[in-house]
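Trainee:
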Ligand SMILES: Cc1cc2nc3c(=O)[nH]c(=O)nc-3n(C[C@H](O)[C@H](O)[C@H](O)COP(=O)(O)O)c2cc1C
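Shown next as structure tokens:
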């Protein structure tokens with residue numbers, strides 16, 4: 002029997018976080034074990050309990066709460082792949098610079114396997130030279146990207162910044178797991 006794959010999903014505070022529920026649901030249905038870590042800000046947009054219900058596992062948000070002795074490392078040890086969807090401009094900046102001021106960004110540093118980022122933001126934010134610089138740095142670091150796509154954005158503008166659709170992210174995860 003094929004070994005069950007473990008996926009670590011990071012959720013940051015973009016409005017597209019609601020679409021990550023669909024992604025998580027697809028992964029669980031496909032037989033993966035899925036653990037979700039959210040930023041504190043993301044927990045204002047989608048309730049951790051939603052991901053808890055979809056995965057059947059507790060959702061981690063805080064570094065210094067909960068019973069785990071080393072919450073900033075343990076989830077990274079067991080995962081085959083780490084996907085952050087949506088990935089905010091803030092997260093891209095922190096990951097590109099090696100900053101670790103919350104549980105999710107610390108886990109990114111503690112994880113040594115393949116990382117897939119699905120950025121989502123307003124088109125002006127995406128085009129900002131500093132954001133593009135961070136994306137280039139992360140690509141150089143070996144991080145994989147899916148999207149963002151062009152189209153209608155939640156802010157009402159048209160442009161590049163839409164998070165890739167859950168189906169597309171799911172396919173990319175499958176491809177990376179086969180490598
Ligand atoms: C309703 C709402 C939607 C937001 N959507 C995005 C977004 O899609 N992308 C982004 O980079 N920031 C977005 N922001 C701003 C981020 O939430 C903000 O930069 C925050 O500091 C990111 O925190 P995090 O990266 O720790 O989750 C949004 C803010 C609000 C209030």
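Numbering (the numbering used here), first residue to last: 2 to 180.
Heads up, the beta-carbon is just placed ideally off N, CA and C, and yes, glycines get one too.
Remember, predicted model here, so these are calculated numbers, not experimental data.
Any chance the CB of residue 71 is under 8 Å from a heavy atom of ligand 1?
Mentor: Working through the chain shown from its first residue, we reach residue 71 at position 70. No.
Trainee: Can you find the residues in the same chain that come closer than 6 Å, C-beta to C-beta, to residue 6, ignoring five residues on each side of it along the sequence?
Mentor: In the chain shown, residue 6 corresponds to position 5, counting from 1. For residue 6, where only same-chain residues beyond five positions count, the Cβ hits under 6 Å are 33, 81 and 178.
Trainee: Pull up the distance between the alpha-carbon of residue 2 and that of residue 160, whole angstroms please.
Mentor: Residue 2 sits at position 1 when you count from the first residue of the chain shown. Residue 160 sits at position 159 when you count from the first residue of the chain shown. Any reading at residue 2 needs caution, since the residue's pLDDT is 44, under 50, leaving its predicted position unreliable; the model's value is listed next. The alpha-carbon atoms of residue 2 and residue 160 are separated by roughly 45 Å.
Trainee: Kindly list the residues whose CB is nearer than 6 Å to the CB of residue 101, restricted to its own chain and excluding five residues on each side of it in sequence; keep chain order.
Mentor: Taking the first residue of the chain shown as 1, we reach residue 101 at position 100. 107 and 110, listed in sequence order.
Trainee: Is there at least one non-hydrogen atom of ligand 1 closer than 8 Å to the beta-carbon of residue 155?
Mentor: The residue given as residue 155 occupies position 154 in the chain shown. Yes; taking the cut-off as 8 Å, the Cβ of residue 155 has a heavy atom of ligand 1 nearer than that.
Trainee: Quick check: the Cα distance between residue 165 and residue 66, rounded to an integer number of angstroms?
Mentor: For the purposes of this step, residue 165 is taken as residue 164 along the chain shown, with counting starting at 1. For the purposes of this step, residue 66 is taken as residue 65 along the chain shown, with counting starting at 1. Rounded to whole angstroms, residue 165 to residue 66 spans 32 Å at the Cα level.
Trainee: Determine whether the beta carbon atoms of residue 117 and residue 156 lie at a separation below 9 Å.
Mentor: For this step, residue 117 is matched to residue 116 along the chain shown. For this step, residue 156 is matched to residue 155 along the chain shown. For residue 117 and residue 156, no; Cβs fall outside 9 Å.
Trainee: Name the DSSP bridge partner or partners of residue 160?
Mentor: Mapped onto the chain shown, residue 160 falls at position 159. Answer is 152.
Trainee: Which partner residues of residue 168 appear in the DSSP bridge assignment?
Mentor: Here residue 168 corresponds to residue number 167 of the chain shown, with the count starting at 1. Its beta-bridge partners do not exist; DSSP assigns none.
Trainee: Tell me whether residue 64 counts as near ligand 1, meaning its Cβ is closer than 8 Å to at least one heavy atom of that ligand.
Mentor: Numbered from 1 along the chain shown, position 63 holds the residue referred to as residue 64. False, no ligand heavy atom lies under 8 Å from that Cβ.
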